[in-house]
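J.: Going by the numbering used here, the sequence shown opens with residue -1, and the numbers climb by one from there.
Virtual Cβ for every residue (Gly too), placed ideally from N, Cα, C.
Since the model is a prediction, treat every value here as computed from it, not as a measurement.
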Amino acid sequence: MTSRVRHTCVGGVLALVLVISPAAVYAEDSLSTARDLYASAAYEDALAMLGRLNAGGLRTDEGRVADQYRALCLLALGKTSEASQAIESVVSADPAYHPSDSEVSPRVRAVFSDVRRRLLPGLVQQKYSQAKTAYDRKDYRTAVLAFGQLLPLFDDPDLAGAAGKPPLSDLRTLADGFHQLSLQALAPPPAPAPAPPPVAAVAKPVAPAPEPPKIYMSGDANVVPPVIVRQDLPPFSGIVERPLVGAMEVVIDENGKVISAMMRATVLAAYDRLAITAAQGWRYRPATVNGTPVKFRKFIQVSLTPR
-1 MTSRVRHTCV GGVLALVLVI SPAAVYAEDS LSTARDLYAS AAYEDALAML
49 GRLNAGGLRT DEGRVADQYR ALCLLALGKT SEASQAIESV VSADPAYHPS
99 DSEVSPRVRA VFSDVRRRLL PGLVQQKYSQ AKTAYDRKDY RTAVLAFGQL
149 LPLFDDPDLA GAAGKPPLSD LRTLADGFHQ LSLQALAPPP APAPAPPPVA
199 AVAKPVAPAP EPPKIYMSGD ANVVPPVIVR QDLPPFSGIV ERPLVGAMEV
249 VIDENGKVIS AMMRATVLAA YDRLAITAAQ GWRYRPATVN GTPVKFRKFI
299 QVSLTPR
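1) Using 8 angstroms as the threshold, is the C-beta distance between A91 and R62 below it?
2) Out of curiosity, what's the CA-to-CA distance linking P119 and S87?
3) Three-state secondary structure (DSSP) at I226?
4) Rounded to the nearest angstrom, what separates V265 and V222 at their Cα positions?
5) Counting pairs of beta carbons, one from the segment 104 to 113 and one from the segment 121 to 128, are three or more of them closer than 8 angstroms?
6) On the CB-based measure, 16 or more other CB atoms within 10 Å of its CB, does S28 come out buried or exposed?
7) The alpha helix (DSSP H) spanning G159 covers which residue range?
8) Among P206, G146, T131, P155, whose alpha-carbon lies nearest the alpha-carbon of S301?
9) Taking only three categories from DSSP, how would you classify R240?
10) What do you get for E26, buried or exposed, if any count of 16 or more other CB atoms within 10 angstroms of its CB means buried?
11) Just to confirm my understanding: we take L45, look at its own chain, exclude 5 residues before and 5 after, and list those with CB closer than 7 angstroms. What are they?
12) Can you tell me whether DSSP reads V142 as helix, strand or coil?
13) When DSSP labels each residue in this structure, what does R105 get in the three-state scheme?
14) Leaving aside the five residues before and after S389 along the sequence, list all residues of the same chain whose C-beta is less than 7 angstroms from its C-beta, in chain order.
15) If we cut at 8 angstroms on Cβ distances, does V89 have a partner in chain D?
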């Protein structure tokens, strides 16, 4: 009897271990651990862990990070063909991504650049088409975000060879124009001017007041828009769970100083105040009409994205 009880208990302990162990092992699987394995040159172990993470399901942003580290591990192992396919997935999902100098070796950066140079021209045209589709269906918030993500790609060093000539040079001009139009459409119209007071029946003739200087905008004839000297938005220390896009309107005077700034589409109340305060210190080379400095109304995308 004693022997049977002991045997049953041992069997129960073994069963318990078999149930708990897989969960305990999976609990150790994380992107953070995979990064540590990559940093310690345990590339095969990192790849195995990344495979388990993908099988278990990841959020979109986590999946992109996992793909990036999978590509880096494959490159480190010399599996160039598989690595190129993985890099293509990374670049297609996030065309702006390229590994930092401190993260990888020059050889790895060179492989990433080769793939990006091959893919970026097509991706830029694809993303322009998506942004323009959003604009055409009057989804201006999506269009502002899409054009805002597209425009920096034209200055990417890996696109330098193609960005300066058609069709991409034409797309850049169109993207910038539709971005400005989307910002203007996203902004609510200005409040109507108050009605003038009634004129007395008998009044002395009064000389008409001089008209205020015209404030030009993008698209006005003969106007050359201002050139940015300083236009930095402040960082935000709060938590952002999804991309937020707003629009700010600034008026730039003939000396290139911001004389008026207001949010036309809010981002977050706390960040709106930071952005407007920062705008007071922005500087530009002023807009001109036929060589003469003029006032200019400019719309600027203000966006926050999750870290």
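T.: In brief:
1) Here residue 91 refers to the residue found at position 93 of the sequence shown. Here residue 62 refers to the residue found at position 64 of the sequence shown. The answer is yes: Cβ separation under 8 angstroms.
2) Stepping through the sequence shown from its first residue, residue 119 is reached at position 121. Stepping through the sequence shown from its first residue, residue 87 is reached at position 89. One C-alpha to the other measures close to 15 angstroms.
3) Residue numbering aside, residue 226 sits at position 228 when the sequence shown is read from its first letter. Strand, per DSSP.
4) For the purposes of this step, residue 265 is identified with residue 267 of the sequence shown, where counting begins at 1. For the purposes of this step, residue 222 is identified with residue 224 of the sequence shown, where counting begins at 1. Looking at the two C-alpha atoms, the distance is approximately 29 angstroms.
5) no
6) Counting from one through the sequence shown, the residue named residue 28 turns up at place 30. By the neighbour-count rule (16 or more Cβ atoms within 10 Å), S28 is not buried but exposed.
7) Here the question's residue 159 lines up with position 161 in the sequence shown. It spans 158 to 161 - the alpha helix (DSSP H) in which G159 sits, taken as one unbroken run.
8) Within the sequence shown, residue 301 is the residue found at index 303, counting from 1. S301 has its Cα closest to that of G146, out of P206, G146, T131, P155.
9) On the sequence shown, position 242 is the one that residue 240 refers to. Coil.
10) Taking the sequence shown and counting its residues from 1, the one referred to as residue 26 is at position 28. A caution first: E26 carries a pLDDT of 48, below 50, which makes its placement in the model too unreliable to give a value.
11) Translated into the one-based positions of the sequence shown, residue 45 becomes position 47. Hits under 7 angstroms: R68, C71.
12) Here residue 142 refers to the residue found at position 144 of the sequence shown. It is helical.
13) Translated into positions along the sequence shown, residue 105 becomes position 107. Here R105 sits in helix by DSSP.
14) Residue coverage of the chain in this structure runs from -1 to 305, which leaves residue 389 outside it and unanswerable.
15) This model lacks chain D altogether; it includes just one protein chain.
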